[in-house]
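Read the structure below first, then the notes.
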Amino acid sequence: MHLSLASLPLLATLTWASSLPSPQHIFSNPEDPSSTGYRIPTVHESAIQARRILHLTSIGTLSTIFPSSQLPWPTENRPSDVAGAPIGLMDYFADCEPATGNPTILAISIATSFKNVAAGSNITLSLRWVPPFSHFKPPAHISAAALPRFSLVGQLEELSEEEVKSGHVTGCFVKYHPDAHAWLPGNRIHESKWVRLVVKEVYWIGGFGDRAYIGWIPLKEWQNVTEEEVKQCRLPGESKKTDAWWGSAWMASLFSAEEAVESGDSIWEL
Ligand SMILES: *[C@@H]1O[C@H](CO)[C@@H](O)[C@H](O)[C@H]1NC(C)=O
Ligand SMILES: *[C@@H]1O[C@H](CO)[C@@H](O)[C@H](O)[C@H]1NC(C)=O
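What follows is the structure, given as structure tokens:
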């Protein structure tokens, strides 16, 4: 399909207007889901999406709380007024325990997140789905607020040597993060160890509330997702196929965009 440059602003306006839910359903689900015209995925389907995001992404944000004392780390010069404050920092993880969905993390002793955990903090890993869009550049008006994101609230637990070996943890993690080879346990620069985030609670925002589930996912639902379900699941923007979870008007515009790019038209570069 050929899209002329002149038609683009109109297309963008129409698409944007028709894909935005009414304001009260942006961040929460409607009381009567059947009123929206969309089928809101079930909690279990949302758990499958979450587990697929865990499987396909490998970088997230670890949130911890600064302790009231900075004693074991006097060299850091930490301002005293951050005690009790949360801090979120990017870190690597890998999906190496498909039976439970507990993420595997390589904890570097000197990193702030793990210092806070050593001082007694609990920890939360937050993830978001960023579509690969390998086949076309997304138009600027696509709303990141419509895409899934979630947080895993839990505690860290060290893996035993036996678990590292039998779970092929090193190979699994390095497959996701080849550069992490430099700070594997036993390296000469930084002390590090393998831990799992033992997931206790899962908070999920699947996208706009009129077409996606927003709320807590029971731990059992998170844990009993099967590898086959994760394999079958497709996230918004992951493939070129129709995706009802995004809403049909929006998808129609995406297909137009794809076709435009496929026919050599570079309108989305604008
Ligand atoms: C960590 O979470 C557990 C519940 O999983 C709770 O009992 C404990 O008090 C929390 N620790 C801190 C330091 O908040
Ligand atoms: C997963 O766990 C939930 C909650 O216990 C249960 O309702 C559901 O039937 C389970 N699903 C599977 C596939 O085991």
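Read in order, the letters of the sequence shown are residues -17 to -1, 1 to 253 in mature numbering (1 follows the signal peptide of the UniProt record, and there is no 0). A virtual CB, placed ideally from N, CA and C, is assigned to each residue, including glycine. Fair warning: this is a prediction, and the values are worked out from it, not measured in the lab.
Taking 7 Å as the cut-off, the C-beta of Asn105 counts as close to a heavy atom of ligand 1. Excluding residues up to 5 positions away in sequence, Trp177 lie with their Cβ nearer than 6 Å to the Cβ of Val147 in the same chain.
According to the DSSP assignment, Tyr75 belongs to the beta strand (DSSP E) that extends over Pro69 to Tyr75. If you look at Glu146, you'll find it in the alpha helix (DSSP H) that goes Glu144 to Ser149. Taking 8 Å as the cut-off, the Cβ atoms of Trp205 and Val182 count as close.
When distances are taken from the beta-carbon of Lys176 to the heavy atoms of ligand 1, even the shortest one reaches 7 Å or more.
In this chain, the beta strand (DSSP E) harbouring Gly198 covers Ile197 to Ile200. Each residue's CA atom was taken as its position, placing Gly189 and Leu39 some 16 Å apart. In this structure, the alpha-carbon of Ala33 lies about 12 Å from that of Ile197.
Straight-line spacing of the CA atoms in Gly192 and Ala102 works out to 38 Å.
Within the same chain, Cβ atoms closer than 8 Å to the Cβ of Asn105 are found at Thr47, Ile48, Val136, Gly137 and Gln138, the five residues on either side in sequence being excluded. Burial state of Asn60 is exposed, judged by a 10 Å Cβ sphere holding fewer than 16 other Cβ atoms.
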